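Asker: Structure below; questions to follow.
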Amino acid sequence: MPTLLHIDSSAITDGSVSREVTAAFRAAWEAEHPGGTVIHRDLAAEPVPHLDAHGITAGYAPAEARDAEQAAAFALRERLITELESADAVLIGAPMYNFTIPSTLKAWLDHVILMGRTAGESPSAKGTPVTVVASRGGSYGPGAPREPFEFVTTYLEKVLGGGLGLEVEFIVPEFTLAASVPALAEFVPAAAESRARALELAARRGKELAARFAA
1 MPTLLHIDSS AITDGSVSRE VTAAFRAAWE AEHPGGTVIH RDLAAEPVPH LDAHGITAGY
61 APAEARDAEQ AAAFALRERL ITELESADAV LIGAPMYNFT IPSTLKAWLD HVILMGRTAG
121 ESPSAKGTPV TVVASRGGSY GPGAPREPFE FVTTYLEKVL GGGLGLEVEF IVPEFTLAAS
181 VPALAEFVPA AAESRARALE LAARRGKELA ARFAA
């Protein structure tokens, strides 16, 4: 049975649009594969530590040459990398925080990007489909005044697609703060429409990918 790696990074639990949309994808996936495996990492509830010097240097040293601190640091990297490599599909909730991804998600990426294994000439997870739910409080799409400040999809396309060789698709719910920020009140209808469209796309994408990996 196929394996889905599901990563949430929103610091908000109740009312998070990115979590709601990833849940819609996962529900559709699980409906097709009720006996499959889902690895869920909630980076807000259980954040991975930032990559430190021991973890970095361990990545360039043979296993037998690592000291105790390097070995301990690399054990986490190995676990996270193995989860990525074992996944048939990846689902990531990546809300925009201050124009880019949450630091918790960046920490996860720093651990799983390893030259000569997941990155480089022959990335070990190359071709794995990854669906990214890139929610944002306002609008940062083509032609929007804030377009130059968009460093979520632009960054993740390079890292996930260009660096790790994954097959990247984005679902982008916009204006998620319209109901709570007075200056965005006029965009409440647009927010509702964007959310509904994102939920529909997520459910469809989850079902389509599940069908791709049907036995």
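Everything in the sequence shown is counted per UniProt numbering, starting at 1 for the first residue and increasing by one. All C-beta atoms, glycine included, are put in the ideal place defined by N, C-alpha and C. As the structure is a computational prediction, the values presented were derived from the model and not from experiment.
1. Got a sec, what are the start and stop residues for the alpha helix (DSSP H) E200 sits in?
2. In three-state DSSP terms, what is D110?
3. Expressed to the nearest angstrom, what Euclidean distance is found between the alpha-carbon atoms of L114 and E186?
4. Which residues in the same chain have their Cβ closer than 7 Å to the Cβ of A119, if we skip the five residues on either side of it in sequence?
5. Among L43, G55, G137, E85, which one has its Cα closest to the Cα of A178?
6. What does the alpha-carbon distance come out to for the pair A203 and A28?
7. In whole angstroms, what is the alpha-carbon distance linking I12 and T22?
8. Does DSSP classify A61 as helix, strand or coil?
9. Three-state secondary structure (DSSP) at V152?
10. Can you tell which of L199, V90, T100, L105 has its C-alpha closest to the C-alpha of F149?
11. Buried or exposed, going by whether 16 or more other CB atoms sit within 10 Å of the CB of T153?
12. Could you check where the alpha helix (DSSP H) with V21 kicks off and where it finishes?
13. What residues are listed by DSSP as bridge partners for E42?
14. Ignore the nearest five residues each way along the sequence and tell me which others in K207's own chain have a CB closer than 8 Å to its CB.
15. Let me know the secondary structure DSSP gives T13 once reduced to three states.
16. Pick out whichever of E167, L209, G141 has its Cα sitting closest to the Cα of M96.
17. With DSSP collapsed to three states, give me the class of L166.
18. In whole angstroms, what separates the C-alpha of T37 from that of D88?
19. I39 and H6 look like a contact to me (Cβ under 8 Å); what is the Cβ gap, rounded to whole Å?
20. What three-state label does DSSP hand T128 in the structure shown?
21. Report yes if the C-beta of S135 is less than 6 Å from at least one heavy atom of the ligand SAM; otherwise report no.
Answerer: So, from the listed chains and residues:
1. One-based indexing of the sequence shown puts residue 200 at position 200. Here the alpha helix (DSSP H) through E200 covers 188–212.
2. Along the sequence shown, read from residue 1 onward, the residue named residue 110 stands at position 110. Reduced to three states, the DSSP call for D110 is helix.
3. Reading the sequence shown from its first residue, position 114 is the one you call residue 114. Reading the sequence shown from its first residue, position 186 is the one you call residue 186. In this model, L114 and E186 are separated by some 45 Å (Cα to Cα).
4. As a working mapping, residue 119 is identified with position 119 in the sequence shown. The answer, listed in chain order, is I113, G163, L164.
5. By 1-based counting over the sequence shown, the position of residue 178 is 178. Cα-wise, what sits closest to A178 is G137.
6. Residue mapping note: residue 203 aligns to position 203 of the sequence shown, counting from 1. Residue mapping note: residue 28 aligns to position 28 of the sequence shown, counting from 1. Whole-angstrom Cα-Cα distance: 5 Å.
7. If you number the sequence shown from 1, residue 12 lands on position 12. If you number the sequence shown from 1, residue 22 lands on position 22. Distance from the CA atom of I12 to the CA atom of T22, rounded to whole angstroms, is 14 Å.
8. Along the sequence shown, one-based indexing puts residue 61 at 61. Reduced to three states, the DSSP call for A61 is coil.
9. Position 152 of the sequence shown holds residue 152. V152 carries a coil assignment under DSSP once its states are collapsed to helix, strand and coil.
10. Position 149 of the sequence shown, counting from 1, holds the residue named residue 149. When only C-alpha atoms are compared, the closest one is T100.
11. Numbered from its first residue, the sequence shown carries residue 153 at position 153. Per the 10 Å Cβ criterion, buried.
12. Along the sequence shown, read from residue 1 onward, the residue named residue 21 stands at position 21. Annotation for V21: the continuous alpha helix (DSSP H) segment containing it runs 17–32.
13. The residue you call residue 42 lines up with position 42 of the sequence shown. According to the sequence shown, residue 42 is Asp rather than Glu. Answer is D8.
14. Residue numbering aside, residue 207 sits at position 207 when the sequence shown is read from its first letter. Here the set comprises A28, W29, A31, E32.
15. Numbered from 1 along the sequence shown, position 13 holds the residue referred to as residue 13. In the displayed model, T13 falls within coil according to three-state DSSP, outside both helix and strand.
16. Here residue 96 is taken as the residue at index 96 of the sequence shown, counted from 1. The option with the nearest alpha carbon to M96 is G141.
17. Along the sequence shown, read from residue 1 onward, the residue named residue 166 stands at position 166. Of the three classes helix, strand and coil, the one that applies to L166 here is coil, per DSSP.
18. Residue 37 sits at position 37 when you count from the first residue of the sequence shown. Residue 88 sits at position 88 when you count from the first residue of the sequence shown. Their Cα atoms are separated by approximately 10 Å.
19. Position 39 of the sequence shown, counting from 1, holds the residue named residue 39. Position 6 of the sequence shown, counting from 1, holds the residue named residue 6. The pair is a contact, with the Cβ atoms about 7 Å apart (cut-off 8 Å).
20. Position 128 of the sequence shown, counted from the first residue, corresponds to residue 128. Reduced to three states, the DSSP call for T128 is coil.
21. What this structure holds is no ligand at all, so the ligand SAM is not there to describe.
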